[in-house]
Amino acid sequence: MRLASVLVGGAPRLALVEGGQVYLALLNGSQVDPAEFFRDPVKLVGKLERGEPVQGLDRPLEPPVPQPSKIIGIGKNYAAHAREMGSVERPVFFMKAPSALTGHLHSIEVPEFIQKPDYEGEVVIVIGRAVKHAGRREAQEAILGYMAGNDVTARELQYDERLPWCLSKSLDTFSPTGPYVKVLEDYSELQGSCVETYINGERVQHGCADEMTYDFADIVVELSKYMKLYPGDLIFTGTPPGVGHPRGRYLKDGDRVEIVVRGLDPLVNVVARPPGPRSS
Numbered sequence: 001m002r003l004a005s006v007l008v009g010g011a012p013r014l015a016l017v018e019g020g021q022v023y024l025a026l027l028n029g030s031q032v033d034p035a036e037f038f039r040d041p042v043k044l045v046g047k048l049e050r051g052e053p054v055q056g057l058d059r060p061l062e063p064p065v066p067q068p069s070k071i072i073g074i075g076k077n078y079a080a081h082a083r084e085m086g087s088v089e090r091p092v093f094f095m096k097a098p099s100a101l102t103g104h105l106h107s108i109e110v111p112e113f114i115q116k117p118d119y120e121g122e123v124v125i126v127i128g129r130a131v132k133h134a135g136r137r138e139a140q141e142a143i144l145g146y147m148a149g150n151d152v153t154a155r156e157l158q159y160d161e162r163l164p165w166c167l168s169k170s171l172d173t174f175s176p177t178g179p180y181v182k183v184l185e186d187y188s189e190l191q192g193s194c195v196e197t198y199i200n201g202e203r204v205q206h207g208c209a210d211e212m213t214y215d216f217a218d219i220v221v222e223l224s225k226y227m228k229l230y231p232g233d234l235i236f237t238g239t240p241p242g243v244g245h246p247r248g249r250y251l252k253d254g255d256r257v258e259i260v261v262r263g264l265d266p267l268v269n270v271v272a273r274p275p276g277p278r279s280s
């Protein structure tokens, strides 16, 4: 099952994706608020029914999980990426603001004062049930599904100004996710996952789960030592080598960015630089 979020009459509604077509999701014959659904998705997912078609994947979608209690990222979880960034330290966790979320075919809006915006294609896992102090089996069972994500990062804030990572990664629209959540049928799906990033059709990143320092269950186990994870929480699980920063190849206005997780449709966004505030 593939879960998306689509605007209907200006309000986000849960949707099901089948064969490139987006259908309304119904629960007891009624439309579903995705924010409400992801508060207890394990209980509700088996009760969903397919409603009428509303659009295809060639039109914008909202972030599949619109209001997570938190977004957590893990940096340098691929050893090759850690090396290209000049570090061999252990992976590091950081927080991202939920307000940074944006959806499939929405713009990545780069403010005028940011000159080094960079891409980080990742597999994002979605927590399906509350968990604390999880063992490995419980961690696996806590993962509802996964999707593509782009941990867009302002490198001058991260490295030149050495501000907390959460600031460099939490600008509005700097967390595209989607186009939908693939509900796990078995944890082994994740173990075989790979992620690629394309900029204007050129592949710039590729990595698979077997290259990760912490695998998906390890991440949940580690995080749940320190904080309770709730249904709908999102975890960006790390990016493979190939980011732009080591080569000075930053995102430009008009760049088309595609994040492709094996077996899923691509998450597509275009970079835009909105006009800055007018001086008085």
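Note that full-length UniProt numbering has the sequence shown beginning at 1, numbered continuously upward. Cβ coordinates follow ideal geometry from the N, Cα and C atoms, glycine included.
Indicate whether residue i and residue j have their beta-carbon atoms separated by less than 8 Å.
i	j	result
V270	R256	yes
P12	P41	no
S69	D172	no
G207	C194	yes
M147	K116	no
A212	Y78	The displayed chain sequence assigns Met, not Ala, to residue 212. In contact: M212 and Y78 (Cβ atoms closer than 8 Å).
T102	S175	yes
P66	L3	no
F37	E122	no
G192	I74	no
S224	H133	yes
P246	Q205	no
V32	L14	yes
V54	V92	no
A272	I108	yes
V260	E202	no
E62	V6	yes
A97	L229	no
Kindly list the residues whose CB is nearer than 8 Å to the CB of residue i, restricted to its own chain and excluding five residues on each side of it in sequence; keep chain order.
i	result
I143	I125, V126, I127, G128, L184, Y187, L190, F216, A217 and V220
K47	L27 and N28
S280	Any reading at S280 must be qualified, since the residue scores a pLDDT of 39, below 50, and its modelled position is unreliable; the value itself is stated next. Nothing meets the Cβ criterion.
N200	D255 and R256
R83	P241
Apart from the five residues on each side of it in sequence, which residues of its chain come closer than 6 Å, Cβ to Cβ, to residue i?
i	result
S168	T153, A154, L157 and Q158
A139	A217, V220 and V221
E258	Y198, P266 and V268
C166	F94 and M95
R262	S193 and C194
L16	Y23, A25 and R50
P111	none
Taking all protein chains shown into account, decide if residue i is buried (16 or more other Cβ within 10 angstroms of its Cβ) or exposed.
i	result
E251	The question names Glu, yet the displayed sequence has Leu at residue 251. By the neighbour-count rule (16 or more Cβ atoms within 10 Å), L251 is buried.
F113	exposed
R136	exposed
E18	exposed
Y119	buried
H106	buried
G43	A quick correction: the sequence has Lys, not Gly, at residue 43. It counts as exposed.
D253	exposed
G264	A small correction: the amino acid at residue 264 is Leu; Gly does not occupy that position in the sequence shown. Buried, because 16 or more other Cβ atoms sit within 10 Å of the Cβ of L264.
A80	exposed
P231	buried
S30	exposed
P274	exposed
G145	buried
L163	exposed
Y180	buried
G248	exposed
D151	buried
Leaving out the 5 sequence neighbours to the left and right, which residues in its chain are closer than 7 Å to residue i when beta-carbon positions are compared?
i	result
R278	Here the model assigns R278 a pLDDT of 49, short of 50, so the residue's position is not dependable, and the following value carries that caveat. Same-chain partners within the cutoff: there are none.
E52	Y23 and L24
Q21	P53 and G56
R39	P231 and G232
R59	L105
Y214	I74, N77, P91 and E222
Every unbroken alpha helix (DSSP H) inside the stretch 142-168 [4 residues or more]: 165-168
At what residue ranges does the stretch 28-81 contain a whole run of the alpha helix (DSSP H), taking only runs of 4 or more? 34-37 and 41-44
Runs of beta strand (DSSP E) wholly within the stretch 193-254 (minimum 3 residues, chain order): 194-199, 202-208 and 234-236
Would you mind listing the alpha helix (DSSP H) stretches within the stretch 85-114 that are 4+ residues and don't spill past its ends, in chain order? none
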